[in-house]
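Numbering (our numbering), first residue to last: 367 to 808.
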């Protein structure tokens, strides 16, 4: 990575009134000038020489109706704010030596702001951020060799260009319903994150350096030194934190998911959140199929009602087929996929989701007696260019009894050992998710 190690800080403050806007922007200017000597300032995209008096006057004039972006820079460091009405997004990139000198002051400054106004924040090595979030192949040339990039998983961008699939990285920033979801050295989750993660779920996260309540939110530190992020043990902690929160299940940008077993799964209904965390006999986080302890949390974030149940046992068929019709003796699961973002037309994803169900080892008579159905909703373009030959090759150890092509669907009747599975590939244009039960005849 880079020769000059740097620290990257991002924080989002919200619910600022006019007095708070003036105070936090003034404090930002003081902190930025303590950290480094700015040469230039950019105000809404226009660059000029740094002028303290001009900038102080501008900040003092800000109101709740402002939409302004300001960035202070020199050759090596920078700090910026974007004020949009009552919300402030602050970003800083500073040298390791700067951070080490001002560490106590800088962290106190950050924590004080987050405690009062914090929505979300993180602090991390800038190298770590770049490695885990740079998907453009040409930009990765700045910090890694072509040979190293060649070994990384790939996907297609929205314009069809090949890019690195950053979903595979533990520190990838993804967004879900306006929330930033990531894993890095220090992360702050404000009160609003209760709409995704019950506070107790954050406080009970395992194998991290420290978890602390901060005002109405929670701050998590994954390991001791942000600049040692690329050590194998720290990368493992980073990945485990991401998996424990179920981030790979909540949001992904490659159209098909991370194609690995979940550690946590979610169900949402209005103001109700239900999470199921999978643990082993030692009550440690583990993959779904290896779980023997199930921690179910139900949280009504509107009425602040929270319940948790811990149960030892084994998974039943409902964990894999959420919709079961006992009268019709059918059970069903589904996924919405966008295989056009993959390089193999979705073949690896299709194989993963099929094997996830047809290779199940669950002691439940219904798995033998009921018709098991997997529905995969894909775009019309994927239906028109369906990789049937390639998929059959991937499923070489699976018996395909029947293949049926219809105008808006393709169905496969599969068998492996004693397990049977009907797979339906359905054109998204013809069937909304809300109709999945009807499509399956349930």
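Ideal Cβ positions, reconstructed from N, Cα and C, are used throughout, including at glycine.
Residue range of the unbroken beta strand (DSSP E) whose run includes residue i
i           : result
residue 408 : 406-409
residue 438 : 433-439
residue 635 : 630-635
Counterpart residues of residue i in DSSP-defined beta bridges
i           : result
residue 701 : 742
residue 484 : 379
residue 585 : 554 and 578
residue 781 : 765 and 786
residue 529 : 521
residue 672 : 665
residue 412 : 409
residue 448 : 435 and 455
residue 791 : 742 and 776
residue 696 : 691 and 737
residue 489 : 375 and 552
residue 678 : 659
residue 770 : 777
Backbone secondary structure at residue i - three-state DSSP
i           : result
residue 494 : helix
residue 755 : helix
residue 691 : strand
residue 458 : strand
residue 464 : helix
residue 706 : helix
residue 479 : helix
residue 665 : strand
residue 513 : helix
residue 443 : coil
residue 542 : strand
residue 655 : helix
residue 393 : helix
residue 660 : strand
residue 373 : strand
residue 418 : helix
residue 802 : Annotation note: pLDDT 44 at residue 802 (below 50); position unreliable, coordinate value reported separately. It is helical.
residue 835 : No answer is possible for residue 835: it lies beyond the span of the chain, which begins at 367 and ends at 808.
residue 423 : helix
residue 622 : coil
residue 403 : coil
residue 686 : coil
residue 572 : coil
Buried versus exposed call for residue i [16 or more other C-beta atoms within 10 Å across all chains shown]
i           : result
residue 377 : buried
residue 793 : buried
residue 770 : exposed
residue 578 : exposed
residue 755 : exposed
residue 682 : exposed
residue 744 : buried
residue 599 : exposed
residue 783 : exposed
residue 740 : buried
residue 402 : buried
residue 498 : buried
residue 471 : exposed
residue 729 : exposed
residue 677 : exposed
residue 679 : exposed
residue 608 : buried
residue 696 : buried
residue 542 : exposed
residue 556 : buried
residue 427 : exposed
residue 389 : exposed
Residue interval of the alpha helix (DSSP H) (run including residue i)
i           : result
residue 599 : 598-611
residue 852 : The shown model of the chain, from 367 to 808, leaves out residue 852, and the question about it has no answer.
residue 506 : 503-506
residue 641 : Note, residue 641: premise wrong, no alpha helix (DSSP H); beta strand (DSSP E) at 638-645.
residue 566 : 565-569
residue 733 : 731-735
residue 713 : 713-724
beta-carbon residue i near the ligand PLP non-hydrogen atom, thresh 7 Å
i           : result
residue 563 : The ligand PLP is not among the ligands present in this structure, which contains no ligands whatsoever.
- prompt: Pairing CB atoms from the region 515-524 with CB atoms from the region 548-557, are three or more of them under 8 Å?
  reply: no
Can you confirm whether the region 579-587 touches the region 555-569 when touching is taken to mean that 3 or more C-beta pairs between the two stretches lie within less than 8 Å? yes
For the region 507-514 against the region 604-624, do three or more pairs of beta-carbon atoms, one drawn from each stretch, fall closer than 8 Å, so that the two count as touching?
no
Does the region 708-718 come into contact with the region 685-698, if we say contact requires no fewer than three beta-carbon pairs (one atom in each stretch) closer than 8 Å? no
*At least 3 beta-carbon pairs within less than 8 Å: the region 525-535 vs the region 414-427*: no
*Is the region 422-439 close to the region 450-459, with three or more CB pairs under 8 Å?*
yes
| said: Is it the case that the region 370-384 contacts the region 457-469, given that we only count it when at least three CB pairs across the two stretches are under 8 Å? | reply: yes
- Contact the region 471-491 vs the region 377-397: 3+ CB pairs below 8 Å: yes
*Report yes or no: do the region 643-652 and the region 745-752 share at least 3 C-beta pairs separated by less than 8 Å?*
no
If you pair each beta-carbon of the region 629-646 with each one of the region 714-723, do three or more pairs fall below 8 Å?
no
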